[in-house]
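From first to last, the protein sequence lines stand for chains A and B.
According to numbering that gives the first Met the number 0, the first sequence is numbered sequentially starting from 0.
According to numbering that gives the first Met the number 0, the second sequence is numbered sequentially starting from 0.
Number of protein chains: 2
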Amino acid sequence: MPVLESTPQSAAVTCCGLAATPVTEDDAARLAPMFKALGDPVRLRMASMIAARPEVCVCEITPAFDLSSGTISHHLKTLREAGLVDSERRGTYVYYWINPEAIGALSALLAVE
Amino acid sequence: MPVLESTPQSAAVTCCGLAATPVTEDDAARLAPMFKALGDPVRLRMASMIAARPEVCVCEITPAFDLSSGTISHHLKTLREAGLVDSERRGTYVYYWINPEAIGALSALLAVE
DNA sequence: AGGCTGATTCGACTTCCATCAAGACAGGAC
DNA sequence: GTCCTGTCTTGATGGAAGTCGAATCAGCCT
Numbered sequence: 000m001p002v003l004e005s006t007p008q009s010a011a012v013t014c015c016g017l018a019a020t021p022v023t024e025d026d027a028a029r030l031a032p033m034f035k036a037l038g039d040p041v042r043l044r045m046a047s048m049i050a051a052r053p054e055v056c057v058c059e060i061t062p063a064f065d066l067s068s069g070t071i072s073h074h075l076k077t078l079r080e081a082g083l084v085d086s087e088r089r090g091t092y093v094y095y096w097i098n099p100e101a102i103g104a105l106s107a108l109l110a111v112e
Numbered sequence: 000m001p002v003l004e005s006t007p008q009s010a011a012v013t014c015c016g017l018a019a020t021p022v023t024e025d026d027a028a029r030l031a032p033m034f035k036a037l038g039d040p041v042r043l044r045m046a047s048m049i050a051a052r053p054e055v056c057v058c059e060i061t062p063a064f065d066l067s068s069g070t071i072s073h074h075l076k077t078l079r080e081a082g083l084v085d086s087e088r089r090g091t092y093v094y095y096w097i098n099p100e101a102i103g104a105l106s107a108l109l110a111v112e
């Protein structure tokens, strides 16, 4: 191993929350699935659509993608299980909305300070 | 389709950059791979380690994980190909450092305003 | 009840991914 | 040059993920 140039805290402000505190194994296990859920172009756009309004009906999401309704449902489930969104059926339609705490947790990790 | 309750821009400040401007198909294709790269607990911790200092030697990363050196290399390559880190060999050792622009792009998307 | 529409789940298929072991490559020390 | 150490690449494999079509469930409406 080479000699370290010993710059421990100096970098804490150079980048972001990622650098501020080391991500523990537990943190990584909790946060990685959220990043993973956003790591698909379809789901990233879905999350964007949902975040853009207080709540969004699945019936508006479906026609925005060239995918079967089953696949749409699958992706929404992935976002929900990652904790990024929540949903509720009201009568005929199902509505999804963003979970600000989850977004906040990811944002805090990446935020440049 | 249900009647929309027409709340177009009002939500732009309720959440984050995700909501500020709709993520286009091209944006999604560019940004999703970065989220995907962070969507693995091992890589998230690696990114955190690398971000914590100006640059980090692979020889310091390897012993921090209970994985073969081949697997370590594979994950670092994934981070590099996603544009999140860069690397350089200097003599015997290879050093990795964070790419602040990439982190900034993700941060801007999630930042709560 | 019966039928209709919206949404989810299921089964199957294909592709991608994390991992290891083993080999290849790079660079220093001798 | 020949070793040795550090890193990367390759090949193989088991498992996860994205997709579709079909079946199923939920809730209106007549």
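Each residue gets a CB set at the ideal place from its N, CA and C atoms; glycine is no exception.
Straight across, the Cα-Cα distance linking A/ASP85 with B/SER106 is about 22 Å. With a cutoff of 9 Å on beta-carbon distance, B/ARG44 and A/PRO21 are scored as near each other. By the CB criterion at 9 Å, B/VAL55 and B/ILE71 fall outside the cutoff. Contacts between B/LYS35 and chain A, judged by CB atoms closer than 9 Å, involve PHE34, LYS35, LEU37, GLY38 and ASP39 in chain order. Where B/GLU24 is concerned, there is no enclosing beta strand (DSSP E), although the alpha helix (DSSP H) around it starts and stops at 24-37. Taking 9 Å as the CB threshold, B/SER72 stays off the interface with chain A. At least 9 Å separates the CB of B/GLY82 from every CB of chain A.
Leaving aside the five residues that flank A/SER68 on each side, the residues in its chain whose CB is nearer than 7 Å to its CB run, in chain order, THR61. Sequence-distant Cβ neighbours of A/LEU66 in its own chain, meaning closer than 6 Å and more than five residues away, do not exist here.
Contact with chain A is absent for B/THR77, since none of that chain's Cβ atoms lies less than 9 Å from the residue's Cβ.
DSSP places A/SER47 in the uninterrupted alpha helix (DSSP H) bounded by 40-50. Not a single CB atom of chain B sits nearer than 9 Å to the CB of A/ARG88. Distances from the alpha-carbon of B/ALA31 to those of A/ALA27, A/ASP26 and A/ARG42 put A/ARG42 closest. For A/CYS14, the three-state secondary structure derived from DSSP is coil.
Within the same chain, and ignoring the five residues on either side of A/LEU75 in sequence, the residues whose Cβ sits closer than 8 Å to its Cβ are MET45, VAL57, ILE60, VAL84, SER86 and TYR95. With a threshold of 9 Å between beta carbons, A/LEU30 makes contact with chain B.
For B/GLU87, the enclosing beta strand (DSSP E) stretches over residues 84-89. Interface with chain A (9 Å Cβ-Cβ cutoff): B/SER68 is excluded. The alpha-carbon of B/PHE64 is positioned some 37 Å away from that of A/MET48. Within its own chain, the residues whose Cβ lies closer than 8 Å to the Cβ of A/LEU17, once the five positions on either side in sequence are excluded, are LEU108 and LEU109, listed in chain order.
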